[in-house]
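Below you'll find the structure, written out as structure tokens, and then a few comments.
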Amino acid sequence: MANRAATILHADLDAFYASVEQLLDPSLRGRPIAVGGGVVLAASYEAKAFGVQGGMSGRRARELCPDLTFVGGHFGEYQRLGDAAIGVLHDVTPLVERISIDEAFADVTGSVHLFGPAPAIAEAVRRRVRDELGLPISVGVATTKHLAKVASQVAKPDGLVVVEAGTEQRFLDPLPVRLLWGVGPVTEAKLADTGIRTVGELAAAQPELLRRLLGPAAGSKLGSLAVNADPRHVETGRRAASMGAQSALGRREATDELLHTTFGFLADRVATRMRAKGRAGRCITVRVRFAGMRSVTRSTTLPAPVSTTLTITEVAVDLARTALADHPREREVSLLAVSVSQLVTEPVLQLELPLGLPGDERRPGTPRAADRWAVDRSIDRVRDRFGRASVGFAAVALSDGHGVPDEFRELAERDGGHGPGQ
DNA sequence: TCTGGGGTCCTAGGACCC
DNA sequence: TCTGGGGTCCTAGGACCC
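Okay, here's the thing in structure tokens:
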């Protein structure tokens, strides 16, 4: 509201993983490549020209593009180069909101006195990322976050699009609704059913119609985006609201042993990350996806926040059992997931206090909360010194060739602790 | 097309309280 | 006893994003 004349940059590295691979190995440049194996994690623009997309199965990608080269991921390099690119934004303004490993907003409203007009700042950012890191990056410049994001998508690949104040609607109107943030395949189809295909058509639609079609919140929000009334500010230090982990399993019989093994592994990942960030959570949610791809969730809210591996494992196994009991016909599962929400931030000292669970004392043979916590801390310390694989669950316990490398799991974290500045 | 892993936000019904 | 309104929390599901 105060920022009527805000100037926002949205910077987005192009085909990021694939670009890094082409940077590291010059023989891959100009060729269609995909990062991944069983599934495409990222495709180069040469591969995208054949219709190859992220999330696509490797087999399908090869059908579309027989010359496609699959490359193994250099995950450490992705993190390093992603951090470095975001670091260039930090040189321009402290108001940087990182959205993922390869994408961030920057509010440069107050930077123009030092660095010149916003388009010049955007060009300088692009030039530095290209010269110093060797990577293409697209930038959108506009008066709101949402429009800057749309502009950077229009700018791809390796481009800059500036939407001058006052020209927003002219820019937006002809674009397909799919470019708006929050419009996916389902919403796109619903809108198309009523004849709405462009943002202009969306902006002209009756608010009442949109609310009826998409629900009150989504309808109002979308209507606002269509007329560029986006009130959000760039937020720096956002903290995650939940932490989770999942594993695709192919097709496995849902035995008790599978539940214990898998949730032991997943809870270990989640709990370790939570403790490293000094966080604990009360709500535990389990997702069970059956062989037919239908999935259900079960959740429970505990009396106190937890971050111990064993506690999360036990609760997750219990929840999964109830989900399976509710669907007795489903004997095989294709994915198991656990996440912890209702997070609180605990000072380290307070985390030392055992967070008791009802039943802790009553069940003979189960470790008490204090003991659980002590075990976790010991493991955390050993891993800090000797690496994650040195103790505890090994990823290989689960991997049957379908899984994604352990290193990749670390990347998708929103506030992964590797971020620049702060 | 037989689908990876990490998240956010919204909806809707029910329980419970004042 | 019946009725009303408002608020919060919990649970399950779904769309969407990178």
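Take 478 as the starting number for the first sequence in the working numbering and just add one per residue.
C-beta: ideal position from N, C-alpha, C; glycine also.
DSSP places P782 in the strand class (E or B) of the three-state scheme. L612 carries a coil assignment under DSSP once its states are collapsed to helix, strand and coil. As computed with DSSP, E574 is found in a beta bridge with F582. In its chain, beyond the 5 residues on either side, L801 and V810 have a beta carbon closer than 6 Å to the beta carbon of A731. Judged by beta-carbon spacing, A619 lies within the 9 Å limit of T484, meaning their Cβ atoms are closer than that value. Under the three-pair Cβ rule at 8 Å, the region 806-821 counts as touching the region 720-735. The beta carbon of L652 is closer than 6 Å to those of V676 in its chain, skipping five residues each way along the sequence. The three-state reading of DSSP puts E498 in helix, counting H, G and I together.
For V602, there is no enclosing beta strand (DSSP E); the enclosing alpha helix (DSSP H) has its first and last residue at A595 to R605.
Boundaries of the alpha helix (DSSP H) around T664: P662 to D670.
For L518, the enclosing beta strand (DSSP E) begins and ends at V517 to A520. DSSP, reduced to helix, strand and coil, places I510 within a strand of the structure shown.
With a cutoff of 9 Å on beta-carbon distance, D489 and I673 are scored as not near each other. A distance below 9 Å separates the beta carbons of V606 and V565.
Only residues of its own chain outside the window of five on either side were considered, and among them R759 and C760 have a CB closer than 6 Å to the CB of T778, listed in chain order. Under the three-state reduction of DSSP output, A847 falls in the helix class. In the pairwise beta carbon analysis, the region 659-666 is classified as touching the region 698-706: at least three pairs are separated by under 8 Å. Secondary structure of Q646 (DSSP, three-state): helix.
Residue state for P653 is assigned as strand, using DSSP reduced to three classes.
Closest option to P509, judged by alpha-carbon separation, among R746, E580, E685 and V548: V548.
For S534, there is no enclosing alpha helix (DSSP H), as DSSP marks it with neither H nor E.
Only exposed fits V589, as fewer than 16 other CB atoms lie within 10 angstroms of its CB. Annotated as distal: R715 and E523, with beta-carbon spacing of 9 Å or more. If you draw a straight line from the Cα of D608 to the Cα of D848, it is about 53 Å long. Here H737 is not bridged, per DSSP, to any residue.
In the DSSP secondary-structure assignment, F767 is bridged to V810. L541 sits away from S521, with the two beta carbons spaced by 9 Å or more.
In the structure shown, G587 falls within a coil segment according to DSSP collapsed to helix, strand and coil. Contact check for L796 against N705 fails: the beta carbons are separated by 9 Å or more. DSSP places Q630 in the helix class (H, G or I) of the three-state scheme. Bridge partners of L486 according to DSSP: A583 and V618. Secondary structure note for V565: it is in no beta strand (DSSP E), and the uninterrupted alpha helix (DSSP H) holding it is F552 to H567. Taking the CA atoms as reference points, D635 sits about 19 Å from V529. The beta carbon of H737 sits closer than 7 Å to those of V794, all from its chain and outside the five residues before and after it, given in chain order. Contact between V512 and G532 fails: their C-beta atoms lie close to 12 Å from each other, not under 8 Å. If you draw a straight line from the Cα of A595 to the Cα of V585, it comes to about 7 Å.
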